[in-house]
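J.:
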Amino acid sequence: MNQRQVVIYARVSSEEQEKEGFSIPAQLKLLKEYAASEGYEIVSEFIDVETAKKTGRTNFNEMVKFLEKEGKSRRENRCRTVLVEKTDRLYRNLPDYARLDESGIEIHFVKEGVVLSAESNSSAKFMHGIKVLMAKNYVDNLGEETRKGMREKAEQGIWPSKAPTGYRNVPGPNGKKVIEVDPDTGPIVQRIFERYGSGRFSMEELGRMAMDEGLELKREGNFSAVIQYMLKSPIYAGWFLWKGRRYEGIHTPLVTKELWDKVQERREERRTRKRRRVKRDFAFGRMISCGHCGCTLVGEIKKEKYVYYRCTHYKTDCNEPYVREEVLEEKFTDILRMLRFDEEVLEWIRTALQESHDDTSRYHREVIDKLQKDYKRLEQRLEAMYIDKLDGKVGDRFYEQKSAEWREDQKDLLRRLEEHQDASQSYMDEGIALMELANRAADLFAEQPASEKRRLLEFVLSNSFWANGELTPEFRQPFNILADMATVGAQKMAAGLLTSSHHQEELLE
Numbered sequence: 020m021n022q023r024q025v026v027i028y029a030r031v032s033s034e035e036q037e038k039e040g041f042s043i044p045a046q047l048k049l050l051k052e053y054a055a056s057e058g059y060e061i062v063s064e065f066i067d068v069e070t071a072k073k074t075g076r077t078n079f080n081e082m083v084k085f086l087e088k089e090g091k092s093r094r095e096n097r098c099r100t101v102l103v104e105k106t107d108r109l110y111r112n113l114p115d116y117a118r119l120d121e122s123g124i125e126i127h128f129v130k131e132g133v134v135l136s137a138e139s140n141s142s143a144k145f146m147h148g149i150k151v152l153m154a155k156n157y158v159d160n161l162g163e164e165t166r167k168g169m170r171e172k173a174e175q176g177i178w179p180s181k182a183p184t185g186y187r188n189v190p191g192p193n194g195k196k197v198i199e200v201d202p203d204t205g206p207i208v209q210r211i212f213e214r215y216g217s218g219r220f221s222m223e224e225l226g227r228m229a230m231d232e233g234l235e236l237k238r239e240g241n242f243s244a245v246i247q248y249m250l251k252s253p254i255y256a257g258w259f260l261w262k263g264r265r266y267e268g269i270h271t272p273l274v275t276k277e278l279w280d281k282v283q284e285r286r287e288e289r290r291t292r293k294r295r296r297v298k299r300d301f302a303f304g305r306m307i308s309c310g311h312c313g314c315t316l317v318g319e320i321k322k323e324k325y326v327y328y329r330c331t332h333y334k335t336d337c338n339e340p341y342v343r344e345e346v347l348e349e350k351f352t353d354i355l356r357m358l359r360f361d362e363e364v365l366e367w368i369r370t371a372l373q374e375s376h377d378d379t380s381r382y383h384r385e386v387i388d389k390l391q392k393d394y395k396r397l398e399q400r401l402e403a404m405y406i407d408k409l410d411g412k413v414g415d416r417f418y419e420q421k422s423a424e425w426r427e428d429q430k431d432l433l434r435r436l437e438e439h440q441d442a443s444q445s446y447m448d449e450g451i452a453l454m455e456l457a458n459r460a461a462d463l464f465a466e467q468p469a470s471e472k473r474r475l476l477e478f479v480l481s482n483s484f485w486a487n488g489e490l491t492p493e494f495r496q497p498f499n500i501l502a503d504m505a506t507v508g509a510q511k512m513a514a515g516l517l518t519s520s521h522h523q524e525e526l527l528e
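Pasting the structure below:
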């Protein structure tokens, strides 16, 4: 009898787990022992040392290609199974999850005791989708720590990103990078402002003159966009905007306040002359595709008050008739009602979130424990070396060098401790809030103005198609799973096969 053939996948992120002892060998040992206990034959191993928050991992892609090739094979014993330690080792982003979900392969999450395949019921897939969503939320929270550091720099008056044209990044007195005027490009930027303020030069002329003087413009041939962006950037006047807030910079301004104000007045004059009649912002414009030809539906006003949508027909003449905005609004409301579920199912979702949260919390505790031990070990080294210094066993210079190095390591450990302590703080609340949002989506939609209706739809739906009087949606993850579950339950209740009190039990079968 042929053994089932499987591949195994292991991953650590180069910036975190590899340093903190979550080793590849430990994952491989667990997976090989599991394969042996189940009688599986391992035909290939795939290992990545990079983050899973973005798509594009080298060996993950190779593994998918291998499995897709196996899927087309006519061999009886094709390899269609992956063994992996747990969810966040395989993916922390939704595109990779969707890619494997659509491939029809079987995945064994060994440490979690979960097996997913094309035959898995909707409840198992839904619970796994929750875990993927929470894994993504975790890396998003870690990314917030980086953004927090950039915000702290901004509050100190330090430009927190790459130096704009006319400046260059240099080390500051406190170790943080700051910007200073670039002696080569700074004067050229000053002349751009002066020439624009005179009102005698076009954007193209300003760009060509600047390039002749040695300024490198990335979008050659499109000087207008580059120069306009430069002229509206307040950093050249000594202040800057960061995440919607104004900060006074500590850098040297390239232009005076008087010249800056003059340039902004010139820009407003030009905008006023070129300003055209503002077009109406249609609620559903360019967010619905024609189900016949794939072209976009656009809005139009008829009889000066009625809003209709029509196919642009730029690919073919599909003859799809106009549709009133009120009809589309009613259709979208019906679609959002597909996400409704009862309190029993919501309680079941909370249970799934709790299981995922417990797994992540264990990971945090393991990392925090190791970081605390590393910090204590450095503290002991510092104390021992200080005694050696007093006893004359080490020189002052060596002591100062090593103690400074170890204290920097301690600062880094404290920073990473804070990241792990903060990353999952709102884990449960955000997950439940997302599900409650889905449950109330139809009511929220009805209450909102046009702009907010659009934002809600773009959050829940990835695309929509209109044809023959019907609106067909494509839900984003994990709303698609939730909609499928709600639809199955509603159909069975309508047929008398399922009562409300049995809804949860049926979903879990």
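Mapping of the sequence shown onto our numbering: residues 20 to 528, in sequence order.
Note that CB positions come from ideal geometry on N, CA and C, so glycine has one too.
Quantities reported herein were computed from a predicted structural model and do not represent experimental measurements.
Could you check which residue in LEU476, VAL386, ALA469 has the C-alpha nearest to that of ALA460?
T.: Locating residue 460 in the sequence shown gives position 441, counting from the first residue. When each option's Cα is compared against that of ALA460, the closest is LEU476.
J.: Whole angstroms is fine: what's the gap from SER560's alpha carbon to PHE79's?
T.: There is no way to answer for residue 560, as the model of the chain reaches only from 20 to 528.
J.: Give the DSSP-derived three-state secondary structure of ARG170 in the structure shown.
T.: Within the sequence shown, residue 170 is the residue found at index 151, counting from 1. Assigned with DSSP and collapsed to three states, ARG170 falls in helix.
J.: Flag this pair as yes or no: are the beta carbons of TRP279 and PHE212 separated by less than 9 Å?
T.: Locating residue 279 in the sequence shown gives position 260, counting from the first residue. Locating residue 212 in the sequence shown gives position 193, counting from the first residue. Going by C-beta atoms, TRP279 is nearer than 9 Å to PHE212.
J.: Just tell me which of GLY411, GLU277, GLU471, LYS196 has its CA closest to the CA of SER217.
T.: By 1-based counting over the sequence shown, the position of residue 217 is 198. Of the candidates GLY411, GLU277, GLU471, LYS196, the one whose C-alpha sits nearest the C-alpha of SER217 is GLU277.
J.: Could you tell me if PRO179 is buried or exposed, where buried requires 16 or more neighbouring beta carbons within 10 angstroms of its beta carbon?
T.: Against the sequence shown, residue 179 aligns to sequence position 160. Burial call: buried.
J.: For VAL326, count neighbouring Cβ atoms within 10 angstroms of its own Cβ and tell me buried if that reaches 16, exposed if not.
T.: On the sequence shown, residue 326 is found 307 positions in, with the first residue counted as 1. Counting Cβ neighbours within 10 Å, VAL326 comes out buried, since at least 16 surround it.
J.: Along the chain, where does the beta strand (DSSP E) containing GLU69 start, and where does it finish?
T.: Position 50 of the sequence shown, counted from the first residue, corresponds to residue 69. Where GLU69 is concerned, there is no enclosing beta strand (DSSP E), given that its DSSP letter is neither H nor E.
J.: What did DSSP end up calling ALA29 once you bin it into helix, strand or coil?
T.: As a working mapping, residue 29 is identified with position 10 in the sequence shown. Note: ALA29 maps to strand in three-state DSSP.
J.: Would you give the residue range spanned by the alpha helix (DSSP H) that LEU49 belongs to?
T.: Against the sequence shown, residue 49 aligns to sequence position 30. Where LEU49 is concerned, the enclosing alpha helix (DSSP H) stretches over 43–57.
J.: What does the Cβ neighbour count give for PRO202, buried or exposed, with the cut at 16 atoms within 10 Å?
T.: If you number the sequence shown from 1, residue 202 lands on position 183. So PRO202 counts as exposed.
J.: Do you know whose CA, among SER422, GLN391, PRO183, lies nearest LEU250's CA?
T.: Looking up residue 250 in the sequence shown gives position 231. That would be PRO183, whose Cα lies nearest to the Cα of LEU250.
J.: Which class does ALA117 belong to by DSSP, given the choice of helix, strand or coil?
T.: If you number the sequence shown from 1, residue 117 lands on position 98. Here ALA117 sits in helix by DSSP.
J.: Counting only the same chain and skipping the five closest in sequence on each side, list residues whose C-beta sits under 6 Å from that of ARG76.
T.: Here residue 76 is taken as the residue at index 57 of the sequence shown, counted from 1. ASP67, GLU69.
J.: Looking at chain C, is there any beta carbon in it that lies within less than 9 Å of the beta carbon of PRO192?
T.: Judged by its chain identifiers, the structure shown contains no chain C, having just a single protein chain.
J.: Could you pull the start and end residues of the beta strand (DSSP E) that LYS12 belongs to?
T.: There is simply no residue 12 to check, as the chain begins at 20 and stops at 528 in what is shown.
J.: Just list the residues that DSSP pairs LYS321 with in beta bridges.
T.: The residue labelled residue 321 in the question sits at position 302 within the sequence shown. DSSP output for LYS321 lists TYR325 as bridge partner(s).
J.: Report the three-state DSSP secondary structure of GLU530 (helix, strand or coil).
T.: The question about residue 530 has no answer, for the chain in this structure spans 20 to 528.
J.: Going by other Cβ atoms of all chains shown within 10 Å of its Cβ, with 16 needed for buried, is TYR255 buried or exposed?
T.: Within the sequence shown, residue 255 is the residue found at index 236, counting from 1. The residue is buried, with at least 16 neighbouring Cβ atoms inside 10 Å.
J.: Quick check on SER32: buried or exposed, where buried means 16 or more other Cβ atoms within 10 Å of its Cβ?
T.: Taking the sequence shown and counting its residues from 1, one reaches residue 32 at position 13. Buried, because 16 or more other Cβ atoms sit within 10 Å of the Cβ of SER32.
J.: Provide the residue span of the beta strand (DSSP E) that contains TYR266, from first to last.
T.: Along the sequence shown, read from residue 1 onward, the residue named residue 266 stands at position 247. Element bounds for TYR266: 264–267.
J.: State the start and end residues of the unbroken alpha helix (DSSP H) segment that holds ILE126.
T.: Position 107 of the sequence shown, counted from the first residue, corresponds to residue 126. For ILE126, there is no enclosing alpha helix (DSSP H); the residue is found in the beta strand (DSSP E) stretching over 125–128.
J.: If you draw a straight line from the alpha carbon of VAL208 to that of GLU232, how long is it in whole angstroms?
T.: Numbered from its first residue, the sequence shown carries residue 208 at position 189. Numbered from its first residue, the sequence shown carries residue 232 at position 213. Going from the Cα of VAL208 to the Cα of GLU232 covers about 10 Å.
J.: On the criterion of 16 or more Cβ atoms from any shown chain inside 10 Å, does ASP393 qualify as buried, or is it exposed?
T.: As a working mapping, residue 393 is identified with position 374 in the sequence shown. Classification of ASP393: buried, given that the 10 Å Cβ count is 16 or more.
J.: Could you tell me which of PRO192, ARG187, ARG210, GLY191 sits nearest to VAL200, measuring between CA atoms?
T.: For the purposes of this step, residue 200 is taken as the residue at position 181 of the sequence shown. Closest by alpha carbon: ARG187.
J.: For ASN458, count neighbouring Cβ atoms within 10 angstroms of its own Cβ and tell me buried if that reaches 16, exposed if not.
T.: One-based indexing of the sequence shown puts residue 458 at position 439. Looking at its Cβ environment, which holds 16 or more other Cβ atoms inside 10 Å, ASN458 is buried.
J.: Less than 9 Å separating the beta-carbons of SER136 and GLU121?
T.: Here residue 136 refers to the residue found at position 117 of the sequence shown. Here residue 121 refers to the residue found at position 102 of the sequence shown. Result no, Cβ atoms of SER136 and GLU121 do not sit closer than 9 Å.
J.: What first and last residue would you give for the beta strand (DSSP E) that runs through PRO190?
T.: Translated into the one-based positions of the sequence shown, residue 190 becomes position 171. Its beta strand (DSSP E) spans residues 186–190.
J.: Count the other C-beta atoms from every protein chain shown that fall within 10 angstroms of the C-beta of GLU339, then say buried if there are 16 or more, exposed otherwise.
T.: By one-based count along the sequence shown, residue 339 stands at place 320. GLU339 comes out buried.
J.: Between which two residues does the beta strand (DSSP E) harbouring ALA229 extend?
T.: By one-based count along the sequence shown, residue 229 stands at place 210. Here ALA229 belongs to no beta strand (DSSP E); instead the alpha helix (DSSP H) covers 222–231.
J.: Which residue comes first and which comes last in the alpha helix (DSSP H) that contains LEU556?
T.: This structure cannot settle anything about residue 556, because the visible part of the chain is limited to 20 through 528.
J.: Work out the CA separation of LEU433 and ILE387 for me, nearest whole Å.
T.: Within the sequence shown, numbered from 1, the residue matching residue 387 stands at position 368. Within the sequence shown, numbered from 1, the residue matching residue 433 stands at position 414. Cα to Cα, the separation comes out at about 10 Å.
J.: Can you tell me whether THR271 is buried or exposed? The criterion is at least 16 other CB atoms within 10 Å of its CB, across all chains shown.
T.: To locate residue 271, count along the sequence shown from 1; it is residue 252. Answer is exposed; the Cβ neighbour count stays below 16.
J.: Would you list the residues sitting across from THR315 in a DSSP beta bridge?
T.: In the sequence shown, residue 315 corresponds to position 296, counting from 1. In DSSP, THR315 forms a bridge with SER308.
J.: Spatial neighbours of SER63 within its chain, please: CB distance less than 6 Å, with the 5 preceding and 5 following residues excluded, ordered by chain position.
T.: Along the sequence shown, read from residue 1 onward, the residue named residue 63 stands at position 44. VAL26, listed in sequence order.
J.: For PRO206, does the three-state DSSP call read helix, strand or coil?
T.: Stepping through the sequence shown from its first residue, residue 206 is reached at position 187. Three-state result, PRO206: helix.
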